[in-house]
Structure formats: C-alpha cells, structure tokens
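**Q**
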Amino acid sequence: FEQPDIAAPGVSILAADRNSYVFKSGTSMACPHVSAVTALLKSVHPGWSPTMIKSAIVTTASVTDRFGMPIHAEAVPRKLADPFDFGGGHIDPERAVDPGLVYDVDAREYNKFFNCTLGYLDGCESYYLNLNLPSIAVPDLKDKVVLQRTVTNVGPAEATYHLVVEGPAGIDVFVEPSVINFTRSSSKSAKFMVRFTARQRVQGGYTFGSLTWSDGGTHSVRIPIAVRTVIQDFVADTS
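Per our numbering, the sequence shown starts with residue 478, numbered consecutively.
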C-alpha cells in the first residue's frame, strides 16, 4: 500500500523551542497536527478503532488548496500532487469528525500482514490487495486484478451511497455494487468488489485515480488509487 497516508501543515509552523518560540518546517511539524486531530476524533468517538480514525482522516482529506485549485507538489519540474505526494490529501478535521463511512481493519489482520512481509506465509499477494485499507495500490497489473473492500456506516442509520470513480489512465475500473443502501434493519457494513483491467500492454509507471462513495449531501468518502501496469517482472523503468 502507498505512503504517505495524509498531508498536514508543516511549513513555517510556530513551535515551542526551549523557553521561546520559533518557526519550523518539516514532517516534525506536520506530525503533531495529525496527532492532535487523532486525539480530538478519539474524544468525540471513543469507541472507534485506530483504523476507523485513520480512515476518517484519509477519506475526508482535501485534494484542492484554499482557493479550490489542485494541490501542486514541490518538484522540479512543477507537477500536480498525486497520492504518492499527499496520500488522501490535506487533512480536514471538521470533515473527519463526520466521515459517513469508514474502512475498518481488525488488529489481528495486521499480524498476518506483518508475517507476510517477513516471508513467513505463502500466497500473500491476494492478502496485500484485500487488506481493508482506505486506499488501493496495484503495483503489477498485467491483465486483470479483482479485490474487495468493506465500508462501515458510522453516519445516519438510513443512507444511500452512490459511487463516483476516477479511473487511472489506461485502466478500466468496474465496481460492484455501485450503490449501497443502509437501513435501520440492515448490517452496518457492506462489501464491494473492484476490478481493474489494463487497456494497454506497456511497462509503465504508476497512474492515479480515486473511488468515492457519496450520499449526495454531507458525506463524500474518497480513497486514492494507484496502479502500475507491467508486461513482465523485474524490468526496470527508465526515464
């Protein structure tokens, strides 16, 4: 899965330094902002798991600046920021407190993920794809890949969410179902399937998109997508 998860204020931040205050920049300034938002969310929703809090932060982040323009990355040459620059986007605490839907993960699932990374388990590729993270990364799409995610309703008991997909360039994206209905008598969780199909046979770089569940009103639950098409393994890309 991709990193980072989120972007936060980190440039010219007024910070305490010994017996004074100074302006500092960097991840050491951004991290306290996210930690504070996490603590506030936990105070409002004490029953939420760490992954529910993380999901709320990621899925409600903004991908535009305060003027409504796309965020640019600090790169040469200048380029639009992508999920590898800011994850879900720039943190938005007010929206994070009421995300509508969250992507929750049982803590025991991370034990299996850890064992996979250490090589203790076989057949981990499918597990990597299906870990219920608030993001989707497919690093080696040769033809077709199918994965699934589960969303949990933490908003109004009765709600209908419609899907909005921004597909990565050169990739066909199919999601089933494309509409999720929650009622007072239904389960608070719903599974959906995502299929990626490569339209072009190239050894390429990553292309990006997003998958958003919207109730047409208050809630817009967005996760980033990163997909890389390949022809064969162990081929280095050059530019």
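Backbone N, C-alpha and C define an ideal beta-carbon position, used for all residues, glycine too.
Within 10 Å of its beta-carbon, does residue 541 have 16 or more other beta-carbons around it, so buried, or fewer, so exposed?
**A** exposed
**Q** Which word fits residue 524, buried or exposed, when buried means at least 16 other C-beta atoms lie within 10 angstroms of its C-beta?
**A** It is exposed - the Cβ of residue 524 has fewer than 16 other Cβ atoms within 10 Å.
**Q** Can you give me the start and stop residues for the alpha helix (DSSP H) that residue 606 sits inside?
**A** 602-607
**Q** Can you grab the Cα-Cα spacing for the pair residue 536 / residue 610, in whole Å?
**A** 11 Å
**Q** Threshold first: 3 residues or longer. Then list the beta strand (DSSP E) segments lying entirely within the segment 573-640, N to C.
**A** Within the segment 573-640, the runs of beta strand (DSSP E) that reach at least 3 residues and sit entirely inside it are, in chain order, 613-618, 621-630.
**Q** How would you call residue 706, buried or exposed, if buried means at least 16 neighbouring beta carbons within 10 angstroms?
**A** A buried status is given to residue 706, since no fewer than 16 other beta-carbon atoms sit within 10 Å of its beta-carbon.
**Q** Please identify the residue among 515, 554, 619 whose C-alpha is closest to the C-alpha of residue 532.
**A** 515
**Q** Considering only the alpha carbon of each residue, which of 550, 571, 640 lies closest to residue 656?
**A** 640
**Q** For residue 647 and residue 624, what's the separation of their Cα atoms in angstroms?
**A** 18 Å
**Q** Under the rule that 16 or more other beta-carbon atoms within 10 Å means buried, what is residue 670, buried or exposed?
**A** exposed
**Q** Could you tell me the alpha carbon to alpha carbon distance between residue 519 and residue 530, rounded to whole angstroms?
**A** 7 Å
**Q** Which two residues bound the contiguous beta strand (DSSP E) that contains residue 520?
**A** Judged by DSSP secondary structure, residue 520 falls outside any beta strand (DSSP E) and instead within the alpha helix (DSSP H) spanning 504-521.
**Q** Here's the rule I'm using: 16 or more other beta-carbon atoms within 10 Å means buried, otherwise exposed. How should residue 582 be labelled?
**A** buried
**Q** Quick one: is residue 554 buried, meaning 16 or more other Cβ sit within 10 Å of its Cβ, or exposed?
**A** exposed
**Q** Mark residue 677 as exposed unless 16 or more other C-beta atoms lie within 10 angstroms of its C-beta, in which case mark it buried.
**A** exposed
**Q** Span of the beta strand (DSSP E) holding residue 670?
**A** 666-675 is the span of the beta strand (DSSP E), which, as asked, contains residue 670.
**Q** Return yes when the Cβ of residue 483 is within less than 8 Å of the Cβ of residue 564, no when it is not.
**A** Yes; because the gap between Cβ atoms is below 8 Å, this pair is in contact.
**Q** Can you find at least 3 beta carbon pairs, one from the segment 596-609 and one from the segment 619-638, that sit closer than 8 Å?
**A** yes
**Q** Between residue 569 and residue 539, what straight-line distance do the alpha-carbon atoms span, to the nearest angstrom?
**A** Between residue 569 and residue 539, the C-alpha separation is close to 7 Å.
**Q** Buried or exposed for residue 638, please, with buried defined as at least 16 other CB atoms from any protein chain shown within 10 angstroms of its CB.
**A** buried
**Q** If you count every other CB in all the chains shown that lies within 10 Å of the CB of residue 631, and 16 or more means buried, which is it?
**A** buried
**Q** Enumerate in chain order the residues of its own chain whose CB-to-CB distance from residue 574 is below 7 Å, with the five nearest sequence positions on each side excluded.
**A** 518, 521
**Q** In terms of residues, what are the limits of the beta strand (DSSP E) holding residue 494?
**A** Looking at the DSSP string, the run of the beta strand (DSSP E) that includes residue 494 is 490-494.
**Q** Would you report the Cα separation of residue 488 and residue 662, rounded to the nearest angstrom?
**A** When rounded, the distance between both Cα atoms is 48 Å.
**Q** Residues in its own chain within less than 8 Å of residue 534 by CB, not counting five upstream and five downstream?
**A** 482, 483, 511, 514, 515, 518, 565, 568, 573
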